[in-house]
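J.: To start, I am sharing the structure in question, which I have written as structure tokens.
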Amino acid sequence: MSDSTPDLSSLPLTQFSGHVAAQGHAMAGATIAASAALACGLGEACVRISANRLQDAGMQRSAASVADRLAQLRLELLALADEDGGAITAFAALREAGQTLQGQELLCRLPVNMVELAVEAAMLLQDFRPLAVAAEDDLEMAIRLLDGCARAATLLLDSNLRIWPEEDLLNGFEPQLAGLRRRLGRVQPVESVR
Numbered sequence: 000m001s002d003s004t005p006d007l008s009s010l011p012l013t014q015f016s017g018h019v020a021a022q023g024h025a026m027a028g029a030t031i032a033a034s035a036a037l038a039c040g041l042g043e044a045c046v047r048i049s050a051n052r053l054q055d056a057g058m059q060r061s062a063a064s065v066a067d068r069l070a071q072l073r074l075e076l077l078a079l080a081d082e083d084g085g086a087i088t089a090f091a092a093l094r095e096a097g098q099t100l101q102g103q104e105l106l107c108r109l110p111v112n113m114v115e116l117a118v119e120a121a122m123l124l125q126d127f128r129p130l131a132v133a134a135e136d137d138l139e140m141a142i143r144l145l146d147g148c149a150r151a152a153t154l155l156l157d158s159n160l161r162i163w164p165e166e167d168l169l170n171g172f173e174p175q176l177a178g179l180r181r182r183l184g185r186v187q188p189v190e191s192v193r
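Here numbering that gives the first Met the number 0 is used: the first residue of the sequence shown is 0, the next is one more, and so on.
Structure, rendered in structure tokens:
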């Protein structure tokens, strides 16, 4: 697989992790997005397990709706992993074409999207807590994983803005970063499941 192949999500996990490890550049974004997708999948399973045990038909429908949205978020996160996997190549091509700012904006937009999706998934699971009748501990682990992925993505954006302190980037993305951090503050993972 070459650096320009953006279909990392189709690789077996062993190959995906080996690809990340073998690169000449750190693939933080793709790693974060893929990790968040895995956490989403765990949360989705927890919601579906509980849905099967709920007695009330309305609650079952509500749980199914949450699980379906988590499935969609999981796929969107995997698409971001693929897009980020090819972003360095895209950035290099844009830079060579004299469009460096456009490439920088791409590499700043991706972590913004990752945070938004991970926070949405974490909030769905957090709001589902009262309906959880099975796999409650695993649901909390999924929330914690999503919280960690979202925090890692904010760090990635912050890092990009430190590396590229151009006024246009800072004006566009620093307010977004502040807003993402506020949204992330609404995620409340538990410290202990005991």
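Think of the CB as a built atom: it goes at the ideal place given N, C-alpha and C, for glycine as much as any other residue.
What three-state label does DSSP hand Glu190 in the structure shown?
T.: On the sequence shown, position 191 is the one that residue 190 refers to. DSSP places Glu190 in coil when its eight states are reduced to three.
J.: Which one of Gly85, Ser49, Leu168, Gly40 has the shortest CA to CA distance from Arg71?
T.: Working through the sequence shown from its first residue, we reach residue 71 at position 72. Going by the sequence as given, residue 71 is Gln instead of Arg. Cα-wise, what sits closest to Gln71 is Gly40.
J.: Find the nearest neighbour of Phe127 within the set Phe90, Arg193, Ile142, judged by alpha-carbon distance.
T.: Locating residue 127 in the sequence shown gives position 128, counting from the first residue. Checked all of Phe90, Arg193, Ile142; the closest Cα to Phe127 is Ile142.
J.: Can you name the start and end residues of the alpha helix (DSSP H) that Arg180 belongs to?
T.: Counted from its first residue, the sequence shown places residue 180 at position 181. Here the alpha helix (DSSP H) through Arg180 covers 166-183.
J.: Quick one: is Ser3 buried, meaning 16 or more other Cβ sit within 10 Å of its Cβ, or exposed?
T.: As a working note, residue 3 is residue 4 in the sequence shown. At Ser3 the pLDDT is 49, less than 50, meaning the model places this residue with poor confidence and gives no usable figure here.
J.: Using only the alpha-carbon positions, how far apart do Asn159 and Glu173 sit?
T.: In the sequence shown, residue 159 corresponds to position 160, counting from 1. In the sequence shown, residue 173 corresponds to position 174, counting from 1. Those two C-alpha atoms are separated by around 11 Å.
J.: On the DSSP letters alone, give me the boundaries of the alpha helix (DSSP H) that Leu7 sits inside.
T.: The count along the sequence shown starts at 1 and reaches residue 7 at position 8. Here Leu7 belongs to no alpha helix (DSSP H), and DSSP marks it neither H nor E.
J.: What residue does the alpha helix (DSSP H) around Asn159 start on, and which one ends it?
T.: To locate residue 159, count along the sequence shown from 1; it is residue 160. First-last of the alpha helix (DSSP H) with Asn159: 135-162.
J.: Would Asp146 pass as a contact of Ala120 if the rule is Cβ separation under 8 Å?
T.: Taking the sequence shown and counting its residues from 1, the one referred to as residue 146 is at position 147. Taking the sequence shown and counting its residues from 1, the one referred to as residue 120 is at position 121. No, these two residues do not count as a Cβ contact at 8 Å.
J.: Ignore the nearest five residues each way along the sequence and tell me which others in Leu106's own chain have a CB closer than 7 Å to its CB.
T.: Within the sequence shown, numbered from 1, the residue matching residue 106 stands at position 107. Closer than 7 Å at Cβ, skipping near neighbours: Ala86, Phe90, Asn159.
J.: Which word fits Thr49, buried or exposed, when buried means at least 16 other C-beta atoms lie within 10 angstroms of its C-beta?
T.: Against the sequence shown, residue 49 aligns to sequence position 50. The identity of residue 49 in the sequence shown is Ser, whereas the question assumes Thr. Buried, because 16 or more other Cβ atoms sit within 10 Å of the Cβ of Ser49.
J.: Report all residues from its chain with a CB closer than 8 Å to the CB of Val186; omit the five preceding and five following residues, and keep chain order.
T.: Here the question's residue 186 lines up with position 187 in the sequence shown. Hits under 8 Å: Val118, Ala121, Met122, Gln125, Ile142, Leu145, Asp146, Ala149.
J.: Below 8 Å CB to CB, which residues in the same chain sit around Glu43 once its five sequence neighbours on both sides are set aside?
T.: As a working mapping, residue 43 is identified with position 44 in the sequence shown. Same-chain partners within the cutoff: Ala66, Leu69, Ala70, Arg73.
J.: Using the Cα positions of Leu53 and Gln101, report the straight-line distance between them to the nearest angstrom.
T.: The count along the sequence shown starts at 1 and reaches residue 53 at position 54. The count along the sequence shown starts at 1 and reaches residue 101 at position 102. Looking at the two C-alpha atoms, the distance is approximately 49 Å.
J.: Select from Glu165, Ala78, Gln103, Glu75 the residue whose C-alpha is nearest the C-alpha of Thr88.
T.: As a working mapping, residue 88 is identified with position 89 in the sequence shown. Nearest C-alpha to Thr88: Gln103.
J.: Would you report the Cα separation of Glu166 and Ser64, rounded to the nearest angstrom?
T.: Here residue 166 refers to the residue found at position 167 when the sequence shown is read from its first residue. Here residue 64 refers to the residue found at position 65 when the sequence shown is read from its first residue. C-alpha separation (whole angstroms): 42 Å.
J.: Near Ser8, which residues of its chain fall below 6 Å by C-beta distance, leaving aside the five closest residues on each side in sequence?
T.: The residue labelled residue 8 in the question sits at position 9 within the sequence shown. Result list for Ser8: Leu77, Ala80, Asp81, in chain order.
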